[in-house]
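**Student:**
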Amino acid sequence: MVEKRTLCSGCDIYCQVRAVVPASGNVADVRVKATDPRPLYANLCMKGVHAPQGFSHPDRLLTPLKRKGARGGGKWQPIDWETALDEIALKLEQIVARYGPEALAVSTSQWNTQTDGGAARRFMNFLGSPNWISGVAICAGNTAAVNRLVYGWFPYPDYTKTQCIVLFGHNPKLHSWTPVYNSIRRAQARGAKLIVLDPRKSENAELADLWLPLKPGTDAAMCFGWLHVILEEGLYDHAFVERWTTGFDELHARVKEFPLTRVAELTGVPAELIAQAARMYATCGPSVIPWTPITDQQRNSTSAIRLMCIMRAICGYLDVPGGELLHGFHPDIVHESEIECHPALSDSQKRKQLGSDTHPLFTYRGMQALNAPAERVWGHAWPNLINGCYMATPSAVFRAMADGDPYPVKAFVTLGNNTLMSFANMQLIERALLNQDLVVAVEHFRTPTAQLADYILPGDAWLERNALADGFGWTAIYRPSQKVVEPPGECRGVYDFWRGLAIRMGLGQHFPWPTNEALLDARVERLGVSFEAFAEEHAYHAP
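-6 is the number of the first residue of the sequence shown in our numbering; add one for each residue after it.
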């Protein structure tokens, strides 16, 4: 029996699993198992177990399709990959010639496509378009961007040594966010405290030392309450604050505007319980506040995320064992940010990035001040963490697509990203898609977004590709994912799409790696091994 070590990308956790290779070679016959079957170590949920059934679904797209008739009419004709790429490249060249390279926008989520090795941004940067967007705008990307602006990186919790875990609305379960669930339970088993803030008495709230049933959307107010206690009672790390922070006195003045009576009224949690939780976080540490999609999907999420960053910092929980670690780049493996080659995009084109004038958080403009410090500290000026850095503002992109304001966007590529359903204001997005001269979808199924495309190209799946993952730039820990079976039909990886397009548009010299495997070999070359050898030897590799 042959087994492969692979990464399940059924969700954003990317659990490492074992896949039993079938003699038939069919994805439907693959058996997915936990790498470590022990209780509280078996990082595998039902989505991973049943993934082969989804990848072998009879409705999965196995051949490229070209639209016939009106957009959205549901009529298609088969087309081969090479002809499709020829036609797409020709149409894109015409659009660029008329409107400029910024008229191309791309929406994807590496969390869905697993990885493209940085190929999408590389293509766009050499073409000259800054208008890349992703669903991470409302899930993790905004958290990564805010964390970068506060202290330069997106920290990763050290569950193995932490003494206190704080969950803001987050409820990892045995079959949802399984490794996080397991890590929390293991930490509790050795005595770590658990604080849960959730309007519901969730499964984790049932197991918590403290449960704070706050009103939905009051995370920022709660953080102000905790900071009020921490500052007024002197529970912060005085040495850290003295050495590493600026604006501490101004912060203290702002926090005074939120006495516990006000915070209790805003959150619906008794002042005594708020104070108890703040003291537990600040005195039982090192503590961690794991990332949660709950906080970063609120109207005041930017403020709440920033306040969490401040709590980590002033309590001295940054980059210490048991706290939250700033990984930086792996010194011997090429980071996708390096492949993306952001210096190739001119400053004049960067300034055209949509939304950067009014909502700069994600954008080149918002991140510009971090370039020199990133180069000094991490060795590279362009760390694109969780794909949430150097991104256009999605709402501005859709307005430009729909109305040509402030300039027209007329070509749109969506990869593993059901754009119509993945961003706010569906009516605007539909109008934007209908106003395009070219829409290309790389997908498994004819999603609502793909139904509005001119071309639908069949993509591969995580059991059907080799990949290298570092938590989307979050960590310096690299884990390989081995191909288990060949993609069915004419399904291809997204690297092949971007390289094929680049060759046709005169950018082929910037894609010297003929295959995804050749790119992976180049990324681990400094280690003196091929990707195949690296994947056989290492479950994970840390510097």
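Here a beta-carbon is modelled for each residue, glycine too, at the ideal position from N, C-alpha and C.
When we look at the beta-carbon of A182 and count the other beta-carbons within 10 Å, is it buried (16 or more) or exposed?
**Tutor:** Exposed, by the Cβ-count rule.
**Student:** Check whether the region 440 to 447 touches the region 145 to 163, taking contact to mean three or more Cβ pairs, one atom from each stretch, closer than 8 Å.
**Tutor:** Result no; under three Cβ-Cβ pairs closer than 8 Å.
**Student:** Inspect the beta-carbon positions of E483 and P451 and report whether they are closer than 8 Å.
**Tutor:** A contact, by the Cβ cut-off of 8 Å.
**Student:** Mind checking which residues open and close the alpha helix (DSSP H) that includes F416?
**Tutor:** Run containing F416: none; DSSP gives neither H nor E here.
**Student:** What beta strand (DSSP E) runs, 3 residues minimum, are completely inside the region 182 to 249?
**Tutor:** Listed in chain order, they are 186 to 190 and 203 to 205.
**Student:** Please classify Q9: does DSSP put it in a helix, a strand, or coil?
**Tutor:** In the structure shown, Q9 sits in a strand (DSSP, three-state: E or B).
**Student:** So, at 6 Å on beta carbons, what are the nonlocal neighbours of G3 in its own chain, with the 5 sequence-adjacent residues on each side left out?
**Tutor:** For G3, where only same-chain residues beyond five positions count, the Cβ hits under 6 Å are K40, G41 and A44.
**Student:** Hey, how far is the Cα of C8 from the Cα of K403?
**Tutor:** Spanning the two alpha carbons is a distance of roughly 38 Å.
**Student:** Cα separation between Q107 and T351?
**Tutor:** The alpha-carbon atoms of Q107 and T351 are separated by roughly 31 Å.
**Student:** With a 10 Å radius around its C-beta and 16 neighbouring C-beta atoms as the bar for buried, classify D109 as buried or exposed.
**Tutor:** Flag for D109 reads buried.
**Student:** Can you name the start and end residues of the alpha helix (DSSP H) that N74 belongs to?
**Tutor:** According to the sequence displayed, residue 74 carries Trp and not Asn. W74 to Y92 is the span of the alpha helix (DSSP H), which, as asked, contains W74.
**Student:** Helix, strand or coil: how does DSSP classify S100 here?
**Tutor:** S100: strand per DSSP, three-state reduction.
**Student:** Could you give the distance in angstroms between the alpha-carbon of F233 and the alpha-carbon of A515?
**Tutor:** Using only the alpha carbons, I get a separation of about 40 Å.
**Student:** Taking C-alpha atoms, which residue in L426, Y448, E457 and G409 lies nearest to Q103?
**Tutor:** Out of L426, Y448, E457 and G409, G409 has the C-alpha closest to the C-alpha of Q103.
**Student:** Taking the beta carbon of L83 as the centre, do at least 16 other beta carbons fall within 10 Å, making it buried, or is it exposed?
**Tutor:** When all chains shown are included, L83 counts as exposed.
**Student:** P481 and V13: beta carbons closer than 8 Å?
**Tutor:** Cβ distance not < 8 Å, so P481 and V13 don't count as in contact.
**Student:** Between L205 and L190, how many whole angstroms is the CB-CB distance? I'm expecting something under 8 Å.
**Tutor:** About 5 Å separates the two Cβ atoms, so the contact holds.
**Student:** K249 to F217, Cα distance in whole Å?
**Tutor:** Approximately 9 Å, taken between the alpha carbons.
**Student:** Alpha carbon to alpha carbon, what distance is there between G466 and H534?
**Tutor:** About 14 Å.
**Student:** Under the three-state reduction of DSSP, which class applies to C382: helix, strand or coil?
**Tutor:** Residue state, collapsed to three classes: coil.
**Student:** Near L207, what residues of its chain come up, given a Cβ to Cβ distance below 7 Å and the 5 sequence neighbours on each side ignored?
**Tutor:** Here the set comprises L190, P192, M215, T260, G261 and V262.
**Student:** At the level of alpha carbons, what is the spacing between Q342 and I188?
**Tutor:** Looking at the two C-alpha atoms, the distance is approximately 46 Å.
**Student:** Looking only at its chain, what residues have a beta carbon closer than 7 Å to the beta carbon of Y357, apart from the 5 residues adjacent to it on each side?
**Tutor:** Contacts found: P123, K343, Q346, S349 and Y383.
**Student:** Mapping DSSP to helix, strand and coil, what is P45?
**Tutor:** Of the three classes helix, strand and coil, the one that applies to P45 here is helix, per DSSP.
**Student:** How would you call V143, buried or exposed, if buried means at least 16 neighbouring beta carbons within 10 angstroms?
**Tutor:** Counting Cβ neighbours within 10 Å, V143 comes out buried, since at least 16 surround it.
**Student:** Would you report the Cα separation of K68 and G62, rounded to the nearest angstrom?
**Tutor:** One C-alpha to the other measures close to 7 Å.
**Student:** Closest to G111 by C-alpha separation, out of Q291, V435, I332 and G121, would be which residue?
**Tutor:** Ranking the options by Cα distance to G111, first place goes to I332.
**Student:** Can you tell me where the beta strand (DSSP E) holding C157 begins and where it ends?
**Tutor:** From DSSP, the beta strand (DSSP E) with C157 extends over C157 to F161.
**Student:** Going by beta carbon distance, what residues of the same chain come within less than 7 Å of P252, once the five residues before and after it are set aside?
**Tutor:** Closer than 7 Å at Cβ, skipping near neighbours: H221.
**Student:** Starting from Y471, trace the alpha helix (DSSP H) both ways and give me its first and last residue.
**Tutor:** Y471 -> no alpha helix (DSSP H), and no H or E assigned at all.
**Student:** From P473 to V99, what distance separates their C-alpha atoms?
**Tutor:** So the alpha carbons of these two residues sit roughly 26 Å apart.
**Student:** Determine the extent of the alpha helix (DSSP H) in which L54 is found, giving its start and end residues.
**Tutor:** Unbroken run through L54: none, as it is neither H nor E.
**Student:** How would you call P57, buried or exposed, if buried means at least 16 neighbouring beta carbons within 10 angstroms?
**Tutor:** Buried.
**Student:** Does the count of Cβ pairs from the region 496 to 504 and the region 313 to 333 closer than 8 Å reach three?
**Tutor:** Output reads no: the region 313 to 333 does not touch the region 496 to 504.
**Student:** Over the uninterrupted alpha helix (DSSP H) stretch that includes I126, give me the two end residues.
**Tutor:** Where I126 is concerned, there is no enclosing alpha helix (DSSP H), although the beta strand (DSSP E) it sits in stretches over W125 to S127.
**Student:** Only counting the same chain, and skipping five residues up and downstream in sequence, which positions put a Cβ closer than 7 Å to that of H335?
**Tutor:** Closer than 7 Å at Cβ, skipping near neighbours: N118, W375 and Y383.
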